[in-house]
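Numbering (the numbering used here), first residue to last: 670 to 996.
Just so you know, even glycine gets a beta-carbon here, dropped at the ideal spot from N, CA and C.
Note that the coordinates shown come from a computational prediction; the quantities given were computed from them, not determined experimentally.
The structure appears below as structure tokens.
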Amino acid sequence: MQPVHASADFQRNNFIADVVEKAGPAVVFLEIKGRHPLTGRPVTLSNGSGFIVRSNGIILTNAHVVANKSSVSVKLQDGRVFEGQVTAVDPISDLAAVKIPTSNLPTIPLGNSTDIRPGEWVIAMGSPLSLSNTVTCGIVSSVQRASKELGLRNKNMDYIQTDAVINFGNSGGPLVNLDGRAIGINTMKVTTGISFAIPSDYAIKFLTKAEALMKNGKTENGFLKRRYMGITMLTLTEGVMRDLRNNIRMPNFADVKGGVFVYKVIPGSPAHLGGIFAGDIIIEISGVAIRSAADVYDAVEKGDHLKVTVIRGSDKKTISINTQETI
670 MQPVHASADF QRNNFIADVV EKAGPAVVFL EIKGRHPLTG RPVTLSNGSG FIVRSNGIIL
730 TNAHVVANKS SVSVKLQDGR VFEGQVTAVD PISDLAAVKI PTSNLPTIPL GNSTDIRPGE
790 WVIAMGSPLS LSNTVTCGIV SSVQRASKEL GLRNKNMDYI QTDAVINFGN SGGPLVNLDG
850 RAIGINTMKV TTGISFAIPS DYAIKFLTKA EALMKNGKTE NGFLKRRYMG ITMLTLTEGV
910 MRDLRNNIRM PNFADVKGGV FVYKVIPGSP AHLGGIFAGD IIIEISGVAI RSAADVYDAV
970 EKGDHLKVTV IRGSDKKTIS INTQETI
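Below, the structure is given as structure tokens:
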């Protein structure tokens, strides 16, 4: 039996694999380890992906991936593991920069997100659980999904919406175009077919500030002290609730008029210790109605001890949360 070889046309048109082969070595796995506050057992507090943007070891990722810590374990695709220093964090845009002590690394260049168009092919890359790179592809659904529509805190940011699957594993990884450039940073999946990425133009501005901090010899001093609850969330606007109802069976949404959907709870965080679950809908904090993620941020900044009322399934619960200051 003769071996079957790929035709020249097939090889020429296998463009997604070509992009992945080119960009993949710069995608990294990030993990924060600690001990469970109750059992004392080793536990992963947070993990996700990132990607190398400078050959001297500067990595971009999401702020929620590094949680509120100043260092993180970084595993490269070649198997090497480094202790990375979190040099800058912007919790509002959900971006963080990490520096590892090595050089001559592969990189993914940042593209110009203003040039992308709806319908353009994109590839979401990640390195979940230190496994080899995972890849999902799709198209750009919208290039100007305003943060106001999503209820996110950064009112000046327009997000990239895509149907490429973005999950916990590839959160913080690059959203790459067919030229192999990162035009976004994967940040969240609302439901099947609805995911969002931070445009690279915002990441370029953030990176410029982060590198200025490092040039001046600042690392931990580059942090803004802030109160921390430990959730990733999304405002339940009419559009988001409609998308959720249409894409997944969530009967409890039928009676929900608004609030904030808890997308992820970071293990070991105040929210986790207090008993908030992913999927909860926050409707009130300390007697004040919650209509947007910005309302949650404001409540966290104003109070150390919060009474958080959530809808969980068909039940309404009030949970006590003691927020922490980042370190």
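Expressed to the nearest angstrom, what Euclidean distance is found between the alpha-carbon atoms of residue i and residue j?
| i | j | result |
| --- | --- | --- |
| A968 | L975 | 8 Å |
| G693 | V834 | 17 Å |
| G937 | P711 | 11 Å |
| N855 | F865 | 7 Å |
| N836 | K858 | 6 Å |
| G948 | F930 | 6 Å |
| Q993 | F684 | 47 Å |
| G849 | R960 | 39 Å |
| A765 | Y966 | 18 Å |
| S782 | T906 | 25 Å |
| V791 | T831 | 8 Å |
| P939 | L903 | 18 Å |
| R786 | K985 | 42 Å |
| A962 | I852 | 25 Å |
| R896 | L699 | 23 Å |
| N991 | S762 | 24 Å |
| E789 | S869 | 15 Å |
| T805 | V689 | 10 Å |
| G862 | P770 | 38 Å |
| I829 | L844 | 10 Å |
| E752 | I980 | 39 Å |
| S811 | N846 | 15 Å |
| K824 | D964 | In this predicted model, K824 has a pLDDT of only 46, less than 50, meaning its place in the structure is not dependable; the value taken from the coordinates is given anyway. Straight-line Cα distance between these residues: approximately 13 Å. |
| F946 | D827 | 28 Å |
| A958 | N716 | 32 Å |
| T730 | K691 | 19 Å |
| E970 | R911 | 30 Å |
Counting only the same chain and skipping the five closest in sequence on each side, list residues whose C-beta sits under 8 Å from that of residue i.
| i | result |
| --- | --- |
| K956 | First, the residue type needs correcting, since residue 956 is Gly and not Lys in the sequence shown. So the list reads K976, once near-sequence residues are dropped. |
| G943 | V977, I988, S989, I990, N991 |
| A747 | The identity of residue 747 in the sequence shown is Asp, whereas the question assumes Ala. So the qualifying residues of the chain are P694. |
| R749 | T771 |
| V697 | S718, G719, F720, I721, I728, V743, K744, L745, Q746, S796 |
Give every residue of the same chain whose Cβ lies closer than 6 Å to the Cβ of residue i, excluding the five residues on either side of it in the sequence, and list them in chain order.
| i | result |
| --- | --- |
| G999 | Because the chain is modelled from 670 through 996, residue 999 falls outside the range shown and cannot be assessed. |
| I721 | A695, I728, L774, T776 |
| V735 | V741, V755, A765 |
| D759 | F875 |
| I954 | A968, L975, V977 |
With burial defined as no fewer than 16 other Cβ atoms inside 10 Å of the residue's Cβ, what is the status of residue i: buried or exposed?
| i | result |
| --- | --- |
| A686 | exposed |
| A881 | exposed |
| E889 | The pLDDT assigned to E889 is 46, lower than 50, so where the model puts this residue is not dependable, and the model offers no usable value. |
| L893 | Residue placement at L893 is flagged as unreliable, the pLDDT there being 47, under the threshold of 50; the coordinate-derived value follows with that caveat. The residue is exposed, with fewer than 16 neighbouring Cβ atoms inside 10 Å. |
| G709 | exposed |
| D784 | exposed |
| V809 | buried |
| G982 | exposed |
| F875 | buried |
| A732 | buried |
| A793 | buried |
Please return the same chain residues whose Cβ sits closer than 7 Å to the Cβ of residue i, not counting the five positions on each side in sequence.
| i | result |
| --- | --- |
| H941 | G899, V934, I935 |
| G703 | V712, L714, G937 |
| K878 | A757 |
| F679 | Confidence is the limiting factor: at F679 the pLDDT is only 43, short of 50, which leaves the residue's position unreliable, though a coordinate-based value still follows. If we look at F679 and ignore the five residues flanking it on each side, it has no Cβ neighbours. |
| M883 | T756, K768 |
| R723 | T776 |
Would you kindly check if the distance between the Cβ of residue j and the Cβ of residue i is under 7 Å?
| i | j | result |
| --- | --- | --- |
| G972 | I952 | no |
| I867 | L779 | no |
| K738 | I701 | yes |
| S742 | Q754 | no |
| V909 | I950 | no |
| Y871 | T901 | no |
| K768 | G807 | no |
Would you say residue i reaches chain C, if we count a Cβ-Cβ gap shorter than 7 Å as a contact?
| i | result |
| --- | --- |
| V931 | You won't find chain C in this structure, because it holds only one protein chain. |
Uninterrupted alpha helix (DSSP H) stretches inside the segment 933-993 (no shorter than 4 residues):
939-943, 962-971
Complete runs of the alpha helix (DSSP H) confined to the segment 724-793 [at least 4 residues]
Counting only runs of 4 or more residues that sit fully inside the segment 724-793, the alpha helix (DSSP H) segments are 732-735, in chain order.
At what residue ranges does the segment 836-905 contain a whole run of the beta strand (DSSP E), taking only runs of 3 or more?
843-845, 851-860, 863-868, 900-904
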